[in-house]
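Report on one structure; see the data block that follows.
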Amino acid sequence: MRRRLLLLVFSTTLLALTILGVVLMTVIWAAMSSAKDEHAHDTASFVASYLQDSIVANDGAAHITESTLIRVPRNDAWLQAVLPDGRVVQTGPVPDGGGFTGTGTAGSGPTRVTVTAVIPRSLLVGEVVQEGLIVVALSLLALGVAMVIASVYARRLTRPLEDFAESAELLSTGDRRAVGRRYGIEELDAVADELDRAVTSFNDVLERERRVTAEASHQLRSPLTALSLRLEEILAADDLDVVHAEATAALGQVERLSGVVDDVVSVGRGFPLEAASRYPIDDLVRGQVVEWTPAFEAQGRELEALGSVGLWITGARGAQAQVLATLIENSLVHGGGRTMVRVRASGTWVVIEVGDQGAGVAPEVERRVFERSVSGGGGSGLGLALARTLVAADGGRLEMISARPAVFAMFLPTRRSRASDQPGPETSGEPALPAPAEPSAQAQDGAAAAVAEPGQTEVEMAASSAAAGSAGNTQRR
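Going by this note's numbering, the sequence shown opens with residue 758, and the numbers climb by one from there.
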């Protein structure tokens, strides 16, 4: 591109200088020809006056010879003088090729002298050639200056185009290095603005799709793990009834896999979740406990459901099941001892707590446990971050109410608020529900106390759960 611009400027400038040079040389030739013609007349008149004065001073023209004419200032002109005595005196032969002729007469009668002056055309050609060389030199200088200026502007004009090409090439990689460049040229800056917006928009889409892919991969791991364990149970079972029951449950898990992907993609791309429905929380908890029990038993651990029964919630069942599965898997991978899924009511909310008897969350990651890429056990750090996003998209909230031992709580609305979704047939006309407040220190202590200690009886655990629920209700708005 730059070479083409320079070639265009060079050819255009050269053509313009050539035309200008031809016109200029024509004008110079005409002007110098006119000057030579006038000079020939002036020379003839001057020489005639000079000879007439000499004849008067010497009482005759006998002394005038060719050498006399040669000594007269004549500016290289050929001279011919007709003297009063009839003699014709000239300075050599007539010039070849002609020239510019001028005639001058001086005196009268016995002192009359007529002089013809001829300036050879070759003198004009030589002078015009000298002037032409000057014109050519100036033209070459002008051409050089024009090319230097053209090179600067060509670089200034082609650099943005090269940057645009580089930006387009890097666009698919999500590279932002070309964003923000400006060139001080209004039109190019306008193109750069549009390209920056396109790069930023594409990078946002690309980042979102990468995040959705990572989240979908992460969320599929949990149901696939449970499904794998269930298939192992089927392979190990001899009782046909057990095989049938396990196979039926496995088919249900397979059907839910598509729902997992749909929910993750919907949340990642900012789309609403599946239509909310009202259903008993017991079904949600029981289903997850049944699915994850084989995995816990394989590690010699227990998983059980405690707390209130008969509570109903409104929301996207698939998304809430994913969140609960994430919390249970988190306890399986990072926790220890018995894992308890406890359900309790808190005003217009149903709270599902998942806790275990392990060491809990490390102090260095406690405050950032819900951030992406933050994990205390070498994981991807996506699980809890995505779980909180899914709960929030469904009008609820996910909190860690105790770090050691770890207790996570899902706050789910018993009715869908207008702020989060359109009310269904059962919720039509109800006022919007307030979002749950941050759990207080007392609520966290109560929840921590509600997690069973080793050797604690089921009755003691139920009492501890009631105390935790009471503490949470008192401290929550």
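Virtual Cβ for every residue (Gly too), placed ideally from N, Cα, C.
Would you kindly check if the distance between the Cβ of residue j and the Cβ of residue i is under 8 Å?
i: Ala-1102; j: Leu-1141; result: no
i: Ala-983; j: Glu-1048; result: yes
i: Gly-889; j: Met-782; result: yes
i: Ala-1007; j: Leu-988; result: yes
i: Leu-900; j: Leu-763; result: no
i: Thr-860; j: Thr-873; result: yes
i: Ala-834; j: Val-870; result: no
i: Met-1097; j: Gly-1115; result: no
i: Thr-862; j: Ile-812; result: no
i: Pro-877; j: Pro-852; result: yes
i: Ala-1150; j: Ala-1062; result: no
i: Leu-945; j: Pro-917; result: yes
i: Leu-840; j: Ala-818; result: yes
i: Val-1044; j: Ala-1078; result: The question names Val, but residue 1044 is Gly in the sequence shown. Cβ distance < 8 Å, so Gly-1044 and Ala-1078 count as in contact.
i: Arg-939; j: Ala-925; result: no
i: Val-1046; j: Leu-1060; result: yes
i: Val-1066; j: Asp-1039; result: yes
i: Asp-794; j: Phe-857; result: yes
i: Gly-854; j: Ser-879; result: yes
i: Leu-963; j: Phe-921; result: no
i: Ala-1163; j: Gly-1104; result: no
i: Val-766; j: Ala-907; result: yes
Can you tell me whether residue i is helix, strand or coil according to DSSP?
i: Gln-887; result: helix
i: Leu-765; result: helix
i: Gly-1277; result: No statement about residue 1277 is possible, as the shown extent of the chain runs from 758 to 1234 and does not include it.
i: Arg-987; result: helix
i: Pro-877; result: strand
i: Gly-859; result: strand
i: Gly-1135; result: Because the pLDDT of Gly-1135 is 47, which lies under 50, any placement of that residue in the model is unreliable, and the number read from its coordinates should be weighed accordingly. Three-state result, Gly-1135: coil.
i: Arg-1234; result: Because the pLDDT of Arg-1234 is 24, which lies under 50, any placement of that residue in the model is unreliable, and the number read from its coordinates should be weighed accordingly. Coil, per DSSP.
i: Leu-840; result: coil
i: Arg-828; result: helix
i: Ala-773; result: helix
i: Thr-970; result: helix
i: Tyr-940; result: coil
i: Pro-1162; result: coil
i: Arg-759; result: helix
i: Ser-865; result: coil
i: Thr-871; result: strand
i: Arg-1172; result: coil
i: Val-846; result: strand
i: Pro-852; result: coil
i: Asp-961; result: helix
How close, in whole Å, do the beta carbons of residue i and residue j come, if the pair is a contact with beta carbons under 8 Å?
i: Ile-1109; j: Leu-1081; result: 6 Å
i: Arg-1275; j: Gly-1117; result: Nothing can be reported for residue 1275, as the shown portion of the chain is limited to 758 through 1234.
i: Gly-1107; j: Leu-1169; result: Note on identity: in this sequence residue 1107 is Val, with Gly being the wrong assignment. With a Cβ gap of about 5 Å, Val-1107 and Leu-1169 count as contacting.
i: Leu-897; j: Met-789; result: Going by Cβ atoms, the distance from Leu-897 to Met-789 rounds to 23 Å, so no, they are not a contact pair.
i: Val-846; j: Ile-827; result: Not confirmed; about 10 Å, so no contact.
i: Gly-778; j: Val-892; result: 5 Å
i: Gly-1064; j: Arg-1099; result: 4 Å
i: Thr-1083; j: Ala-1144; result: 4 Å
i: Pro-1051; j: Leu-986; result: 4 Å
i: Leu-808; j: Ala-838; result: 6 Å
Run the proximity test for residue i: is its beta-carbon closer than 7 Å to any non-hydrogen atom belonging to the ligand ZN?
i: Ala-911; result: Ligands displayed in this structure: none; no statement on the ligand ZN is therefore possible.
Quick check on residue i - is its C-beta less than 8 Å from some C-beta in chain D?
i: Leu-890; result: The question asks about chain D, but that chain is absent: this structure has only one protein chain.
Entirely enclosed alpha helix (DSSP H) segments - the segment 1047-1072, minimum 4 residues = none
Counting pairs of Cβ atoms below 8 Å between the segment 1145-1165 and the segment 1045-1059, do you hit three or more?
-> no
Using 8 Å as the Cβ pair cut-off and three pairs as the minimum, do the segment 798-813 and the segment 898-918 touch?
-> no
Fully enclosed by the segment 1081-1152, which beta strand (DSSP E) runs are 3 residues long or longer?
-> 1096-1103 and 1106-1112
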